[in-house]
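Everything below concerns the one structure shown next.
In the UniProt record's numbering, the protein residues as written are 1 to 318.
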């Protein structure tokens, strides 16, 4: 069977798969990223893992992988195949596409993509947007931070400098009391509506340093007024940021994923209301939860790999 190699590199784990031509997960594996051993060890681990997957494919299907796709965090130049910078992995200017191509051998084409944009590609094409009018969609991941992906005609927009979709750094609050963001700005969306921001606000409200966003969501569902106040503040900030994005992009579908979206309707019911209250002339898009969970990154990396074969190119925008 024809297949491709897919790797989704995270801060703590690398998820990997062999993926068939109909996006079937033929084989899945996972191992620690090993960032505690330094960036060179992380890179070596990625290359070794890819080579092992290559051998697994050969032994199972009697042929090498047609191509490989890899999704990585941080700043990515997918035109040159360079992992430019990732704070949580400690690397800079790693020519990861070329390193993987050399390791896999045989002229195996390799695509490199940004993790959130790659996950958004999968959600838009074969996940939550699959059965919808999703030729234009916005995917937003609510995790430790907030990032997004802009889908147009089944592709993901990278932008002129690789930053398209960074909705987490839209400023939604101003003034001296606006929280400072790691990017250097103030009042950025992710300082108010990410899972990390909700966790911090809930910990302050309860006086429990171990309190987190999941616990806040549970308390909201149970009717705790303190939790409802914390949650609504985050929802209001998120709606403000999303309306900016919707006004600029006019998507048919807004797909929301990440850890905070696991709260289900505890998030989506007030969020849909808050967005609807804020729009005027704009068309309200469908606001739906992501469907692929933690397989989105691997499936998206697989799509990048298959796209290489359909475009006969080693450069794919995602």
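Ideal Cβ placement from N, Cα and C applies to all residues, glycine included.
Since the model is a prediction, treat every value here as computed from it, not as a measurement.
Legend entry - Cβ distance (whole Å) where residue 112 is taken to contact residue 198 below 8 angstroms: Residue numbering aside, residue 112 sits at position 112 when the chain shown is read from its first letter. Residue numbering aside, residue 198 sits at position 198 when the chain shown is read from its first letter. Rounded, the Cβ-Cβ distance is 32 angstroms, inconsistent with contact.
Legend entry - Contacting residues, own chain, Cβ-Cβ under 8 angstroms from residue 249 (five flanking each side not counted): The residue given as residue 249 occupies position 249 in the chain shown. Within the same chain, residue 249 has close Cβ partners 136, 138, 150.
Inset, instruction - For residue 385, name the three-state secondary structure that DSSP assigns. - result: Because the chain in this structure spans residues 1 to 318, residue 385 falls outside the shown range and cannot be described.
Inset, instruction - Going by CA-CA distance only, name the one from 193, 43, 285 that's closest to residue 99. - result: To locate residue 99, count along the chain shown from 1; it is residue 99. It is 43.
Legend entry - Cβ pair count under 8 angstroms reaching 3, the region 83-100 against the region 267-274: no
Legend entry - For residue 114: DSSP bridge partner residues: On the chain shown, residue 114 is found 114 positions in, with the first residue counted as 1. Answer by DSSP bridge pairing, in chain order: 72.
Legend entry - Candidates 46, 255, 196, 254: closest to residue 231 by CA position: Residue numbering aside, residue 231 sits at position 231 when the chain shown is read from its first letter. The option with the nearest alpha carbon to residue 231 is 196.
Legend entry - C-beta contact flag for residue 255 and residue 154 at 8 angstroms: For the purposes of this step, residue 255 is identified with residue 255 of the chain shown, where counting begins at 1. For the purposes of this step, residue 154 is identified with residue 154 of the chain shown, where counting begins at 1. Result no, Cβ atoms of residue 255 and residue 154 do not sit closer than 8 angstroms.
Legend entry - Cβ-based burial, residue 183 [other Cβ within 10 Å; buried from 16]: As a position in the chain shown, residue 183 is number 183, starting the count at 1. Counting Cβ neighbours within 10 Å, residue 183 comes out exposed, since fewer than 16 surround it.
Inset, instruction - Could you tell me whether the Cβ atoms of residue 7 and residue 56 are closer together than 8 angstroms? - result: Taking the chain shown and counting its residues from 1, the one referred to as residue 7 is at position 7. Taking the chain shown and counting its residues from 1, the one referred to as residue 56 is at position 56. Against a cut-off of 8 angstroms, the Cβ pair of residue 56 and residue 7 comes out as no contact.
Inset, instruction - List the endpoints of the continuous beta strand (DSSP E) containing residue 93. - result: To locate residue 93, count along the chain shown from 1; it is residue 93. 91-94 is the span of the beta strand (DSSP E), which, as asked, contains residue 93.
Legend entry - Whole runs of the beta strand (DSSP E) within the region 132-216, excluding any shorter than 3 residues: 136-142, 146-152
Legend entry - Local Cβ density within 10 Å of residue 70, reported as buried at 16 or more and exposed below that: In the chain shown, residue 70 corresponds to position 70, counting from 1. Burial call: buried.
Inset, instruction - With DSSP collapsed to three states, give me the class of residue 292. - result: Locating residue 292 in the chain shown gives position 292, where the first residue counts as 1. Three-state DSSP puts residue 292 in coil, outside helix and strand.
Legend entry - Three-state secondary structure (DSSP) of residue 13: Along the chain shown, one-based indexing puts residue 13 at 13. Residue 13 falls in the strand class under three-state DSSP.
Inset, instruction - Would you kindly report the start and end of the unbroken alpha helix (DSSP H) that includes residue 261? - result: By 1-based counting over the chain shown, the position of residue 261 is 261. That residue, residue 261, is in no alpha helix (DSSP H); it is neither H nor E in DSSP.
Inset, instruction - With a 10 Å radius around its C-beta and 16 neighbouring C-beta atoms as the bar for buried, classify residue 318 as buried or exposed. - result: Mapped onto the chain shown, residue 318 falls at position 318. A caution first: residue 318 carries a pLDDT of 47, below 50, which makes its placement in the model too unreliable to give a value.
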